[in-house]
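Some notes on the structure that comes next.
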Amino acid sequence: MYCAGIIFNLSSIMFITFEGIDLSGKSTQIKLLENYYKKRKKKVITVREPGGTMISEKIRDIILDREHLNMSFLTEFMLFSSSRSQLVNEVILPYLKRSYIVLCDRFFDSSTAYQGYGGGIDLKIINSINKTAAQGLMPDKTFLIHISIEESLRRKKLMGKSSDRIEQKKISYYRKVIKGYLEISEKNKKRFTVIDGNKSVIEIHKEIIQSLSRLK
Ligand code: ADP
Ligand code: TYD
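Going by numbering that gives the first Met the number 0, the sequence shown opens with residue 0, and the numbers climb by one from there.
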């Protein structure tokens, strides 16, 4: 694993991130993978973005507050980055140093997709701040669970879920986010595995395990 010039003495995959639009099935798969590792007596921890520390959870509340309708994409991006920086410092790096497998529900690729491709912030700026906030930490493996916006809305209706501020954005915005995710995965082919999120929960879980076992 590589972080800001330090190569940790670890051969296996330790830092795994999950990406995709809302309701693509990230949490479902993370839970299954966490249980898979726990059954095998591996040290594993799951974190989510935005959030995961006391400070980051407070930032999360500001970002997702439905009253903050006039929040600009740049403010959003800065807040997500602050939340991430705290999470990396306080949780992710310390656990990686203790040889835990860290599963992360979203990481900087979310900012690239949502605030970069979706919000139109210059990708050079996004990439530079992403690197800074993550302190050079790069996921060993990223799973992009790909579903359409129509499928996301279908699941939302099934769940009877209300929208947070970000989820209230227009469908055209989500189309840009999805296109962005696919472009990011094309540019980072080695790190990314794109998974068809319309497959069954178990099929997806098996694909994830297979993909991780190929990397060991
Ligand atoms: P996310 O964490 O990406 O928002 P969740 O894992 O919470 O997504 O899943 C959102 C909803 O979609 C839940 O109701 C979940 O049961 C359902 N779901 C998850 N994976 C699948 C799947 N492969 N096929 C159909 N529904 C799914
Ligand atoms: P959350 O309720 O955690 O959504 P999900 O369960 O789908 O992950 O809310 C996080 C929202 O914030 C989600 O709509 C994605 C968005 N987001 C960004 O726009 N940029 C980011 O950098 C991150 C981490 C999340």
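Virtual Cβ for every residue (Gly too), placed ideally from N, Cα, C.
Please read all numbers here as calculations on a predicted model, not as lab measurements.
- Query: In the structure shown, what three-state DSSP assignment does F17 receive?
  - Reply: strand
How many angstroms separate the CA atom of L152 from the CA atom of E89?
-> Separation of L152 and E89 (C-alpha to C-alpha, rounded to the nearest whole angstrom) is 34 Å.
- Message: Please give the ranges of any beta strand (DSSP E) in the stretch 96–184, keeping only runs that are unbroken, at least 3 residues long and fully inside the region.
- Response: 100–104 and 140–145
- request: Grab me the residues of N197's own chain with a C-beta within less than 6 Å of its C-beta, minus the 5 sequence neighbours each way, in chain order.
  value: Here the set comprises nothing.
Using a threshold of 6 Å, is the CB atom of K156 nearer than that to any non-hydrogen atom of the ligand ADP? The answer is no for K156.
#### Entry: Nonlocal neighbours in the same chain, by C-beta distance under 7 Å from Y172, ignoring five residues either side
G117
*asked:* When you compare the stretch 62–71 with the stretch 86–100, are there three or more beta-carbon pairs, one atom per stretch, that lie closer than 8 Å?
replied: no
Taking 6 Å as the cut-off, is the CB of F14 close to at least one heavy atom of the ligand TYD? Short note on F14: C-beta not closer than 6 Å to any heavy atom of the ligand TYD.
Helix, strand or coil, according to DSSP, for R47 in the structure here? strand
Take G115 and list the residues in its own chain whose beta-carbon comes closer than 6 Å to its own, dropping the five residues that flank it on each side. Contacts found: L122 and I125.
Discussion item. For L86 and E185, what's the separation of their Cα atoms in angstroms?
Written reply: 27 Å
In its own chain, which residues sit with a C-beta less than 6 Å from the C-beta of R59, not counting the 5 before and 5 after it? P49 and G50
**Prompt:** Does the distance from the C-beta atom of V46 to that of C103 stay below 7 Å?
**Reply:** The answer is yes: Cβ separation under 7 Å.
Could you check what DSSP says for T74 in three-state terms: helix, strand or coil?
helix
If you measure between the beta carbons of T27 and T141, is that distance less than 7 Å? no
- Task: Verify the contact flag: I165, CB atom, against every heavy atom of the ligand TYD, threshold strictly below 6 Å.
- Result: Flag set: Cβ of I165 near the ligand TYD.
Leaving out the 5 sequence neighbours to the left and right, which residues in its chain are closer than 6 Å to A112 when beta-carbon positions are compared? V176, G179 and Y180
- What's the call for K25, buried or exposed, on a 16-neighbour Cβ count within 10 Å? buried
Item checked: Inter-stretch contact (C-beta, 8 Å, three-pair minimum) for the stretch 72–87 and the stretch 126–138 -> yes
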